[in-house]
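Taken in sequence, the protein lines are chains A and B.
Residues 55 to 167 (this note's numbering) make up the first sequence, in order.
Residues 49 to 289 (this note's numbering) make up the second sequence, in order.
Below is one structure, written out as C-alpha cells; comments come after it.
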Amino acid sequence: MRGSHRSHANYWAFGLHRISGILLALFLPIHFHVLYLAVHNDSVFDEFVYWAESPLVKVAETVLVVLLALHLTGGVRLLAIEFFPWRDWQKTIVAVTTGLSLATGLIFLLNVI
Amino acid sequence: MREENLIVSVWRGDGEQGEYVDYRVPREESQTVLDVVTYIQRKIDPTLSYRFSCRVGMCGSCAMTVNGKPRWTCRTHVSKVAPDGKLSVGPLRIMNVVKDLSVEMSDFFEKWVRAEGRFHPTKTRYDDFDAIKPADNKRKIASAGIECIGCGICYSGCDVVAWKAEYLGPAALNRAWTLVNDVRDGGQIARLNAIAGDAGCHACHSQQGCVENCPKHLNPTASIAGLKRVTAFAALKGGLK
C-alpha cells in the first residue's frame, strides 16, 4: 500500500486552485485582445463572434466557466480558513466547492444546449 | 493469508548516493515499523543507521518515510501500512540525510528559534504565579498546540518547505502560535515580526499536509491561520516593523 504526502483532499484542492489560476491567467490576455477588437476592429470582431458559436468553442467556454468557479470557490475557501474560526470539516468544504463548480459548468452547458 | 516474510526496502546511503536495499523480515503479530527496522539492524545488517529512543510515541525521534508517507515508526503498525507485506522505509524527505534513515534536523530546530519559539518571561522568582484558568479562551488555544513532540513529520510532509527552503514550517509556526496565546509571555512584538516575513506564516498555502500527517493529531494549519490573522491586524494597527 503506497501513498504520498500529497494524497489527500486538501492538497488536491490546492492543486485545482493553482492550475485554474494559471489557466485563467493565460486566458486573460486573449480576453483583453477580443475586447480590443470590439472597440477597434468591428469586422474581425464579428468574425470572431461567428467563430465563437461553434460547438468546440462552447465546450471550451464550459471549461472556462468551471475554471472560474473553481478559482472563485477555492479562493473563498482559503479566505474562510484564514479569517474565520477553524472548522474541522475541511474535506466537506473541498467537496462542496468542487461540486458547486461542476454544477455551475453543467448549468452553463444546459443554457448553451 | 498473511505472508510469512515481509519484503522491506530500506534506503542505504547518504543524501547524495545510495539505493533502496531489500530485506526479508519475519512477520510478527502487532509488529511496528520500528520493530522491522530494529530487526534488520540487530539480525541482518548491524551497519544500518536509524534513530529512536522512547518507542512509545513521546520523544519524536523515530520519524521516517514509510511507503511514501512520513510517519512515527514506533506507533505505526505494519498491518496498517503494509497489508500486502511490502514495506518501503526511507529517511524523512526535505532534511539532509546523515546516513541511511538518520536525518540532519538542525535546520528544523533552528527555525523554532527563528520563529521566536522560546518563552520570554515577564516575572521573576519573587513574583507570585499567574493565575490562568483552564477554561480561559487563550489558554484553550495554546493547549491545543502544545503537545508537539518535534518529530519533523509535518515539516517533511510540507511542500512549501520543499519549495521554499527558508520557510519556517508548520512545527515552528505552531510553537509560535502557542506562545502568542500565552498571556505570561513578554516577547510578542519580536515574535510577530519574526513570523510575519516572507519565510513566515503568510507563505503557507493551506495544503494541510501537516494536519493530515501529524501523529499527535495537532492542527498546524489552524495555528498558522491564527498567526495570519494576528499579524494582519497588527500590521493594520502599525504594530509591525
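No residue lacks a Cβ here, since even glycine has one placed at the ideal position from N, Cα and C.
- The shortest CA-to-CA distance from B/Lys276 to any of B/Lys289, B/Gly245, B/Val259 is the one to B/Gly245.
- Take the alpha-carbon of B/Gln255 and the one of A/Leu110: they are about 34 angstroms apart.
- The alpha-carbon of B/Gly274 is positioned some 16 angstroms away from that of B/Leu288.
- Setting aside the 5 residues that flank it on each side, B/Arg123 is surrounded in the same chain by Gly105, each with a C-beta closer than 6 angstroms to its C-beta; the list follows chain order.
- Residues of the stretch 131 to 163 of chain A with a C-beta less than 8 angstroms from any C-beta of chain B: Leu132, Ile135, Glu136, Phe137, Trp140, Gln144, listed in chain order.
- Looking at B/Ile272, B/Ser109, B/Ser136, the one whose alpha-carbon comes closest to that of B/Ile201 is B/Ser109.
- Burial check for B/Tyr215: the Cβ neighbour count within 10 Å reaches 16 or more, so the residue is buried.
- Contact check between the stretch 125 to 138 of chain B and the stretch 82 to 96 of chain B: three or more CB pairs, one atom from each, fall below 8 angstroms, which counts as touching.
- Shown here for B/Asn241: same chain residues with a beta carbon closer than 7 angstroms to its own, the five before and five after excluded, namely Leu288, Lys289 in chain order.
- Within 9 angstroms of the CB of A/Tyr65, the CB atoms of chain B belong to Asp207, Gln255, Gln256, Gly257, Glu260, in sequence order along the chain.
- With a threshold of 8 angstroms between beta carbons, B/Ala251 makes no contact with chain A.
- In the DSSP assignment, no residue is bridged to A/Ser61.
- Using beta-carbon distances, B/Arg277 counts as an interface residue toward chain A, with a partner under 8 angstroms.
- Under the three-pair Cβ rule at 8 angstroms, the stretch 117 to 129 of chain A does not count as touching the stretch 86 to 100 of chain A.
- Cβ-Cβ distances below 8 angstroms link B/Gly61 to Glu67, Val145, Lys147, Asp148 in the same chain, with the five nearest sequence neighbours on each side left out; the list follows chain order.
- Between B/Cys196 and A/Leu77, the alpha-carbon positions lie close to 39 angstroms from each other.
- In summary, A/Asp142 is exposed, with fewer than 16 beta-carbon neighbours lying within 10 Å of its beta-carbon over all protein chains present.
- Given a length threshold of 4 residues, each whole run of the alpha helix (DSSP H) inside the stretch 122 to 200 of chain B is given here in chain order: 126 to 129, 154 to 162, 185 to 193.
- Secondary structure at B/Tyr203: helix, using DSSP grouped into helix, strand and coil.
- Interface criterion not met: the Cβ of B/Ala219 is under 8 angstroms from no Cβ in chain A.
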